[in-house]
Amino acid sequence: MARCPFGTQRTRRFIPWASIAIPGAGWLLFGLYPSLATIGYSFTRYSGLPGTPLNFCGMCNYHAAFTSLSDQLWSAVRVTLIYVVGVTVLQNAIGLGLALLLNRSGRSYTFYRALIFMPQIFSVTVVGAVFALMLDPYSGPAEKVVHGLFGTDSAFLGSSSLALPLVMLVNVWMFSGYSMLIYIAGLRNIPASVYEAAAMDGAGRFRTFRHVTWPLLASATTVNVFLTAMGTLGEYALILVLTGGNFGTKTLGLYMFQSAFGADSQLGYGSMLAMLQFVLTVVIGGGLLYTLRRREVAL
Amino acid sequence: MTTLGTAKAARAAKASKYQAPSTPPGAVRRLLSMRTTKAVGTNLVCFAIAAGLFALPLVYVLLQAFKTYTGFLQNPTGTPHPWTTESFSAAWHQGNFGREMINSLVYAVVPGTITLILGVFLAFPISRGYFRFSNGLYTFFIFSGFLPGGLIPLFIEARTLHLYNSMIGYLILTSLSGAGFFFFVGYIKGIPREIDEAAALDGCGYIRFIFTIIIPQMKPALATFGIFGFVAAWNNLILPLVMLSDSALWPVTRGLYSFFGEYSQNWPLIAAGTFIVAAPIMLLFVLLQRYLVEGVAGGAAFGTQGVSPGAGAGGAEVGGGS
Numbered sequence: 001m002a003r004c005p006f007g008t009q010r011t012r013r014f015i016p017w018a019s020i021a022i023p024g025a026g027w028l029l030f031g032l033y034p035s036l037a038t039i040g041y042s043f044t045r046y047s048g049l050p051g052t053p054l055n056f057c058g059m060c061n062y063h064a065a066f067t068s069l070s071d072q073l074w075s076a077v078r079v080t081l082i083y084v085v086g087v088t089v090l091q092n093a094i095g096l097g098l099a100l101l102l103n104r105s106g107r108s109y110t111f112y113r114a115l116i117f118m119p120q121i122f123s124v125t126v127v128g129a130v131f132a133l134m135l136d137p138y139s140g141p142a143e144k145v146v147h148g149l150f151g152t153d154s155a156f157l158g159s160s161s162l163a164l165p166l167v168m169l170v171n172v173w174m175f176s177g178y179s180m181l182i183y184i185a186g187l188r189n190i191p192a193s194v195y196e197a198a199a200m201d202g203a204g205r206f207r208t209f210r211h212v213t214w215p216l217l218a219s220a221t222t223v224n225v226f227l228t229a230m231g232t233l234g235e236y237a238l239i240l241v242l243t244g245g246n247f248g249t250k251t252l253g254l255y256m257f258q259s260a261f262g263a264d265s266q267l268g269y270g271s272m273l274a275m276l277q278f279v280l281t282v283v284i285g286g287g288l289l290y291t292l293r294r295r296e297v298a299l
Numbered sequence: 001m002t003t004l005g006t007a008k009a010a011r012a013a014k015a016s017k018y019q020a021p022s023t024p025p026g027a028v029r030r031l032l033s034m035r036t037t038k039a040v041g042t043n044l045v046c047f048a049i050a051a052g053l054f055a056l057p058l059v060y061v062l063l064q065a066f067k068t069y070t071g072f073l074q075n076p077t078g079t080p081h082p083w084t085t086e087s088f089s090a091a092w093h094q095g096n097f098g099r100e101m102i103n104s105l106v107y108a109v110v111p112g113t114i115t116l117i118l119g120v121f122l123a124f125p126i127s128r129g130y131f132r133f134s135n136g137l138y139t140f141f142i143f144s145g146f147l148p149g150g151l152i153p154l155f156i157e158a159r160t161l162h163l164y165n166s167m168i169g170y171l172i173l174t175s176l177s178g179a180g181f182f183f184f185v186g187y188i189k190g191i192p193r194e195i196d197e198a199a200a201l202d203g204c205g206y207i208r209f210i211f212t213i214i215i216p217q218m219k220p221a222l223a224t225f226g227i228f229g230f231v232a233a234w235n236n237l238i239l240p241l242v243m244l245s246d247s248a249l250w251p252v253t254r255g256l257y258s259f260f261g262e263y264s265q266n267w268p269l270i271a272a273g274t275f276i277v278a279a280p281i282m283l284l285f286v287l288l289q290r291y292l293v294e295g296v297a298g299g300a301a302f303g304t305q306g307v308s309p310g311a312g313a314g315g316a317e318v319g320g321g322s
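Chains as they are written, first to last, in the working numbering: chain A, 1 to 299; chain B, 1 to 322.
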């Protein structure tokens with residue numbers, strides 16, 4: 001333990017504590033406490049109306065979720081898993097492709113990279129409005145294209161078969177610039193001498209990628225896959241704006257949000273769903289880290 | 001002697017650089033032109049992707065904003081026939097974006113600034129190891145980020161503490177979250193602790209030391225987190241949705257969300273509103289594009305440290321100075 005050099009003999013013991021008092025208290029009050037209280041509220045039937053009691057009910061919410069309301073729960077879990085896996089795979093594939101294509105010097109490439117990065121700095125409301133217009137079933141350009149190509153109409157975000165893939169694509173559109181940048185940072189860490197050696201050995205383009213670039217990008221892939229999966233797992237604002245959770249797009253996060261802050265305002269049930277979301281995050285996150293790290297070592 | 005030598009070499013290199021393209025033999029010239037054609041081709045492909053896939057939706061929506069409603073109904077996907085900016089002024093008035101813009105600015109700037117300053121005050125003693133359990137405290141802070149999301153209890157808490165549906169309450173709630181603090185701990189370790197002792201010997205007080213010595217030293221880190229914090233706060237939809245019911249307190253994102261539901265199908269109006277909301281962030285992006293893009297690359301490097309084996313060693317260093 002280092003000694004604080006500031007203050008007088010008497011005050012120097014208290015200065016570090018005074019320094020962390022306000023931010024530390026804020027963190028306890030608005031960071032740690034709400035997180036832990038989620039566990040407590042998940043055992044209640046608290047409705048959130050002022051003056052109503054907590055209504056502690058033990059495992060009632062968990063019991064209901066896995067029995068009478070299990071259809072809704074499993075549907076939400078299924079949508080969440082499809083969403084996370086689909087977005088993670090697609091966004092990483094596209095991010096890697098873009099990185100390989102755009103990792104070049106020159107002003108024009110800087111500009112292109114900035115353009116591709118740009119969508120994610122906008123609010124989900126802005127992105128939601130943009131794609132609601134693009135995919136509008138009456139007057140949007142996507143409708144025109146589909147009608148011209150197949151001669152059929154589609155409800156797009158209002159269709160139960162297309163809504164989920166489309167929301168996933170919007171998510172990928174928004175964030176693939178981020179994956180691209182991480183892959184570019186990884187590509188720039190690969191020394192040029194490795195490529196020279198590969199060229200000397202007569203390796204073609206595909207073999208160079210397969211045996212040089214891809215293994216050396218392993219740590220960038222780890223970061224990318226982990227961050228995309230965790231980010232997508234917690235994302236529900238974009239879905240809320242695009243479909244409101246209708247047409248088979250209700251993920252566990254959105255289910256939680258709508259149970260708690262929708263018309264029913266079942267804060268206890270919502271807390272229980274937040275707990276299940278937490279369990280899912282730990283399982284997926286832990287599993288991903290474990291496999292990705294082992295893969296890194298194996299490569 | 002050596003300087004003369006290098007100067008000569010540099011001049012020779014410069015000369016050869018100028019001469020080489022002027023007199024290439026035929027084969028080399030052909031190869032060069034082949035290369036340039038290929039480079040131009042790649043460049044065009046990249047342009048098509050960046051412009052056609054990533055910028056086009058935004059440009060398309062911007063075009064709609066210059067139409068009248070009847071002009072849009074007559075030709076929804078074409079270019080505006082009479083170009084007009086009336087949708088913008090209509091959206092500005094009907095959506096109350098003026099007031100919401102000020103709200104957003106307050107919600108983004110005030111907590112952003114306070115969070116940065118409090119973050120430094122929290123990070124400094126922990127980074128310097130002034131506590132018996134600085135290392136453990138730091139690890140605990142980091143792991144607390146993996147606990148279940150606390151949105152619902154935060155809402156209940158805000159109502160109990162009368163922070164719900166109030167501007168001051170919202171500011172208190174968002175100012176005291178301590179974001180960016182983890183990064184600061186590592187950054188402060190890079191500032192030599194000899195400065196602390198020298199300043200203390202000269203009778204510099206703690207608060208003055210933080211503000212005049214540490215904060216100026218941390219400018220790059222503070223700038224990065226300031227920008228990202230501003231953008232994140234400006235774009236936040238969920239927290240205003242939960243915490244602010246009175247429309248006079250709404251930030252622009254929350255306003256646009258309702259505007260969008262209210263005027264559905266009047267696309268020129270919605271498009272104009274969307275661009276009013278996006279404009280400040282777009283301006284910020286154009287001005288600070290470099291920091292934003294580099295910040296992500298830097299954050300990625302930071303992320304790599306977080307999950308790679310180096311992380312354990314990095315965490316242990318925190319209390320290492322004790």
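Each residue gets a CB set at the ideal place from its N, CA and C atoms; glycine is no exception.
About 10 Å separates the Cβ atoms of GLN120/A and SER179/A, ruling out a contact at the 8 Å cut-off. By the 16-neighbour rule on beta-carbons within 10 angstroms, LEU237/B is buried.
Of the other Cβ atoms in all chains shown, 16 or more fall within 10 Å of the Cβ of ILE276/B; this residue is therefore buried. Across the structure, LEU116/B and GLY24/A are spaced so that their CA atoms are roughly 14 Å apart.
Within the region 210-226 of chain B, the residues whose Cβ lies closer than 9 Å to some Cβ of chain A are ILE210, listed in chain order.
Within chain A, the residues placing a beta-carbon under 7 Å from that of ARG128/B are ALA2, ordered along the chain. The alpha carbon of LEU171/B has as its nearest neighbour, out of PRO5/A, SER19/A, GLY26/A and ALA129/A, the alpha carbon of GLY26/A. Listed along chain A is no residue with a C-beta nearer than 8 Å to that of LEU244/B; the closest approach is about 12 Å.
When the five nearest sequence neighbours on each side are left out, the beta carbons in the same chain lying within less than 6 Å of the beta carbon of GLY270/A are those of MET256, SER259 and ALA260, in order along the chain. DSSP places PHE183/B within a helical segment (H, G or I) once states are collapsed to three. At a cut-off of 8 Å between beta carbons, SER105/A makes no contact with chain B.
Per DSSP, GLU235/A is not a residue of any alpha helix (DSSP H), being assigned neither H nor E. In the three-state DSSP reduction, PHE56/A falls in the strand class (E or B). In the three-state reduction of the DSSP assignment, THR79/B falls in the coil class, being assigned neither a helical nor a strand state. Considering only SER33/B, TYR69/B, PHE54/B and TYR60/B, the residue with the shortest C-alpha distance to SER264/B is TYR69/B. Taking PHE131/A as the centre and dropping the five residues before and after it, the same chain places the C-beta of VAL170 and LEU242 closer than 7 Å to its C-beta, in chain order. Residue pairing by DSSP puts THR44/A in a beta bridge opposite PHE56/A.
For HIS162/B, the three-state secondary structure derived from DSSP is coil.
Between ILE184/A and ALA99/A a beta carbon distance of about 5 Å is seen, short of the 8 Å cut, so the two are scored as contacting. Of all residues in the region 34-68 of chain B, those with a C-beta nearer than 8 Å to a C-beta of chain A are THR42, ASN43, VAL45, CYS46, PHE47, ILE49, ALA50, ALA51, LEU53, PHE54, ALA55, PRO57, LEU58, TYR60, VAL61 and GLN64, reading in chain order.
Between ALA163/A and THR80/A, the C-beta spacing is not below 8 Å. Under the Cβ criterion of 8 Å, GLY150/B is counted among the residues facing chain A. Under the three-state reduction of DSSP, PRO220/B is assigned to helix.
With contact defined as three or more Cβ pairs closer than 8 Å, the region 269-287 of chain B and the region 79-98 of chain B are in contact. The residues GLN217, in chain order, have a CB closer than 6 Å to that of ILE191/B in the same chain once the five nearest residues on each side in sequence are set aside. With distances taken between CA atoms, LEU173/B lies nearest to LEU154/B out of PHE184/B, LEU283/B and LEU154/B. Rounded to whole angstroms, the Cβ separation of GLY95/A and SER176/A is 5 Å, and the two are in contact under 8 Å. Residues of chain A with a Cβ closer than 8 Å to the Cβ of ALA271/B are, in chain order, ALA129 and LEU133.
GLY262/A is positioned such that its CB atom lies no closer than 8 Å to that of TYR46/A. Taking a beta-carbon distance threshold of 8 Å, ARG294/A does not count as an interface residue toward chain B. The region 135-153 of chain B makes contact with the region 34-45 of chain A: 3 or more CB pairs, one atom from each, lie closer than 8 Å.
In this structure ILE213/B is in contact with ALA199/B, their Cβ atoms being roughly 6 Å apart against a cut-off of 8 Å. Chain-order list of chain A residues neighbouring VAL109/B: empty, with the shortest C-beta distance near 17 Å, by a criterion of under 8 Å. Within the model, the alpha-carbon separation for GLU235/A versus ARG207/A is close to 37 Å. Annotated as proximal: TYR257/B and THR125/A, with beta-carbon spacing under 8 Å. For TRP173/A, the enclosing alpha helix (DSSP H) stretches over residues 163-188.
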